[in-house]
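K.L.:
Residues 227 to 739 in our numbering are what the sequence shown lists, from first letter to last.
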Amino acid sequence: MTFKSSFCSTRRGFLLGGATVIGAVATGGLPLWSAIARAGETPAPDIVDMLLRPGAARASLVSNPAIQTDVWAYNGMVPGPEIRIRQGQRLRARLENTLPQETTIHWHGLRIPNAMDGVPGVTQDAVKPGGSFDYVFDLPDAGTYWYHPHANTTEQLGRGLYGPLIVEEADPLRVDRELVWMLDDWRLGDTAMIDDGFNAMHDVSHAGRIGNVVTVNGLAPGEVAVRPGERIRLRLLNAANGRIFALDFDDLVPTVIAMDGHPVTPHRDDAPLLLLGPGMRLDLVIDIPVKGKTLFTVMDRFYDGMENRIASLAVSGEAVRDGVADWDMALKPNPVPEPDLDQATRHDLVYSGGMMGDMVLQQMTQSGHITPEMLSRMGMDASGSPGMAGTGGMGNMMRSMFGSGNVWAVNGRDPDRDGDGPLVTLERGQSCRLTLMNATAWLHPIHLHGHAFRLLARNDAPVNHQPWLDTVLIKPGERVDIAFFADNPGDWLIHCHILEHKVGGMSGIIRVL
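1) Out of L510, L501, G444, which one is the CA nearest neighbour of R457?
2) In three-state DSSP terms, what is P598?
3) Among A667, L674, L669, M600, which one has its Cα closest to the Cα of G638?
4) Determine, using beta carbons only, whether P305 and P398 come nearer to each other than 9 Å.
5) Between the stretch 571-578 and the stretch 646-663, do three or more beta carbon pairs fall short of 8 Å?
6) Taking a contact to mean a Cβ-Cβ separation below 9 Å, would you say Y300 touches R279 in this structure?
7) Ignore the nearest five residues each way along the sequence and tell me which others in R744's own chain have a CB closer than 6 Å to its CB.
8) Restricting to Cα atoms, I'd like to know which of V562, L478, T380 is closest to A426.
9) Which same chain residues, not among the five before or five after L325, have their C-beta less than 7 Å away from its C-beta?
10) Could you give the DSSP three-state label for M532: helix, strand or coil?
11) Contact between the stretch 484-504 and the stretch 578-586: three or more CB pairs below 8 Å?
12) Quick check on the burial criterion: 16 or more other C-beta atoms within 10 angstroms. Buried or exposed for K517?
13) What's the call for M732, buried or exposed, on a 16-neighbour Cβ count within 10 Å?
14) Is the beta carbon of L719 closer than 9 Å to that of I735?
15) As a quick exercise: from D360, H723, I596, D646, pick the residue whose alpha carbon is nearest that of N685.
16) Please report the Cβ distance between G468 and R435, rounded to the nearest whole angstrom; I am assuming they are in contact, meaning their Cβ atoms lie under 8 Å.
17) By DSSP, does S431 sit in helix, in strand, or in coil?
18) Measure the C-alpha to C-alpha separation of I420 and G314 and round it to an integer number of angstroms.
19) Here's the rule I'm using: 16 or more other beta-carbon atoms within 10 Å means buried, otherwise exposed. How should G594 be labelled?
20) Identify every residue that forms a DSSP beta bridge with R459.
21) Kindly provide the ranges of any beta strand (DSSP E) runs that are 3 or more residues long and lie completely inside the stretch 464-497, ordered along the chain.
22) Can you say whether E404 is buried or exposed, counting buried as having 16 or more other CB atoms within 10 angstroms of its CB?
23) Run the CB neighbour count on Q350, radius 10 Å, all protein chains shown included, and call it buried at 16 or more, exposed below.
24) What does the Cβ neighbour count give for R318, buried or exposed, with the cut at 16 atoms within 10 Å?
25) State the Cα-Cα distance for the pair D717 and V706, rounded to the nearest angstrom.
26) Please name the residue in A556, L336, I338, D275 whose C-alpha comes closest to that of P307.
27) So, at 6 Å on beta carbons, what are the nonlocal neighbours of V393 in its own chain, with the 5 sequence-adjacent residues on each side left out?
28) Quick one: what's got a C-beta closer than 6 Å to I338's C-beta in the same chain, skipping five residues either side?
29) Cα-Cα, which of A377, T417, H332 is closest to A292?
30) Going by the CB atoms, is the gap between A709 and Q656 shorter than 9 Å?
31) Mind checking which residues open and close the alpha helix (DSSP H) that includes G583?
32) Counting C-beta neighbours from all protein chains within 10 Å, is the total for A465 16 or more, i.e. buried, or is it exposed?
33) Is Q592 buried or exposed, if buried means 16 or more other CB atoms sit within 10 Å of its CB?
34) Can you find the residues in the same chain that come closer than 7 Å, C-beta to C-beta, to R654, ignoring five residues on each side of it along the sequence?
35) If we count the other Cβ atoms within 10 Å of its Cβ and call it buried at 16 or more, is D402 buried or exposed?
36) According to DSSP, which residues form a beta bridge with Y300?
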């Protein structure tokens with residue numbers, strides 16, 4: 227699929243440095259070919275300690291290594307240092323803030339205690355410049371996760387503050403090699419410096435901040451040497467502010483083995499492109515053919531007219547084996563409690579607003595997917611049509627929201643007007659089924675903190691494999707059903723992970739008592 231973006235990207239002269247052959251780490255960061263040692267080779271203690279210092283650094287983001295960009299980075303590296311830990315171990319991570327502004331660390335996708343979730347004003351106070359905070363928690367789930375700030379997130383993540391967190395399975399998957407690719411994009415000016423225009427109203431009300439330079443592990447896309455017959459586990463993470471990736475693996479056919487860190491029945495996706503919205507992760511198994519092509523190009527084809535090369539897999543050397551490895555690709559499930567769908571309490575979350583959102587809301591109302599009762603709860607008239615007379619109507623709601631600096635709403639709520647009370651309140655031990663309705667003209671990757679949820683259905687059609695996720699990408703006009711077991715007490719954010727949409731009001735709290 228392609229998506230027409232109103233943001234026009236251009237590749238400036240600073241990109242004309244030729245193709246990058248990835249063979250070394252530039253200014254820190256993970257090399258694109260980064261192979262990770264197999265779990266089980268080195269015994270590890272029960273506690274893993276990590277010191278993370280966010281601060282100013284320089285990185286080579288473009289293909290000309292002589293050109294450096296001023297960034298913010300953990301420990302001087304983009305991405306930040308990989309945290310690799312085993313399932314069931316404890317992480318002790320100290321944040322020492324050397325930034326000129328407050329910050330925190332959110333541990334994206336992890337089911338950890340509320341006090342460790344890293345959301346300022348909700349789970350902790352922000353860490354002031356020169357201050358520190360100790361995050362201590364156990365890792366119940368294996369999988370591919372990551373960490374990033376949750377204070378001024380649009381700028382801090384947009385300047386390079388993120389890193390991978392890999393929780394290894396007790397019984398690791400048998401592969402020849404493992405790769406970790408953190409995908410990102412950057413909005414750079416003519417001198418390769420980061421554009422300072424964070425939270426621009428156009429970005430907030432449209433598709434988010436879309437950059438003009440794509441990187442993999444903080445480097446310009448390059449070449450990865452692979453061997454015939456090699457089996458590779460590829461961990462993909464989307465760390466971009468707003469960019470959605472749609473990955474084309476050329477003639478390779480990846481097998482999906484995990485989504486958002488959680489195992490799924492190994493399968494080859496029916497869609498020609500693998501979608502990866504901001505905050506989302508995929509674990510893939512790729513078998514390199516023994517014969518035939520010697521170069522496979524991985525492309526991003528999501529935005530119309532904005533295709534990007536992600537990597538080239540160059541096949542060379544002696545074959546690892548004569549054919550395809552026959553090793554099992556199924557991972558052991560994580561210990562996530564199943565929701566009781568028969569007893570689950572049901573709630574609807576209607577996402578509205580943004581440019582051209584009135585048209586989609588009106589369509590969903592006329593089709594009956596958004597009922598008069600829902601509109602009433604949103605403070606709107608039964609027709610839901612734009613520009614209506616009276617106190618209801620999308621037009622009046624949008625004018626009110628724009629006046630307070632918000633352009634998006636959840637169930638019609640403007641946080642500045644209506645307060646920040648919870649969207650949903652649950653008792654601990656209760657099962658919850660949520661219907662998420664995208665009554666906007668834009669895609670939204672909705673991320674829930676502190677829990678994993680089952681993706682049950684899209685537009686009432688059951689979803690294959692019903693994976694465990696923490697972030698689900700919802701298309702315009704689409705209704706998505708998810709369910710989870712509320713076993714983790716506290717106030718938990720549920721928000722769009724296109725970070726500019728969150729800033730514009732697409733955020734709320736689910737409270738577990």
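Backbone N, C-alpha and C fix where the C-beta goes; we use that ideal spot for every residue, glycine too. For clarity, every value in this text was computed on a predicted model and none was experimentally measured.
P.N.:
So, to answer that:
1) L510
2) helix
3) M600
4) no
5) yes
6) yes
7) The structure shown does not extend to residue 744, since the chain is modelled only from 227 to 739, so the question has no answer here.
8) T380
9) P280, G281, W298, P355
10) coil
11) no
12) exposed
13) buried
14) yes
15) I596
16) 5 Å
17) helix
18) 39 Å
19) exposed
20) E404, V511
21) 471-474, 481-485, 488-493
22) buried
23) buried
24) exposed
25) 22 Å
26) D275
27) I311, Q313, L365, A368, G369
28) F363
29) T417
30) no
31) 583-592
32) buried
33) exposed
34) A712, D713, P715, V738, L739
35) buried
36) P280, M303
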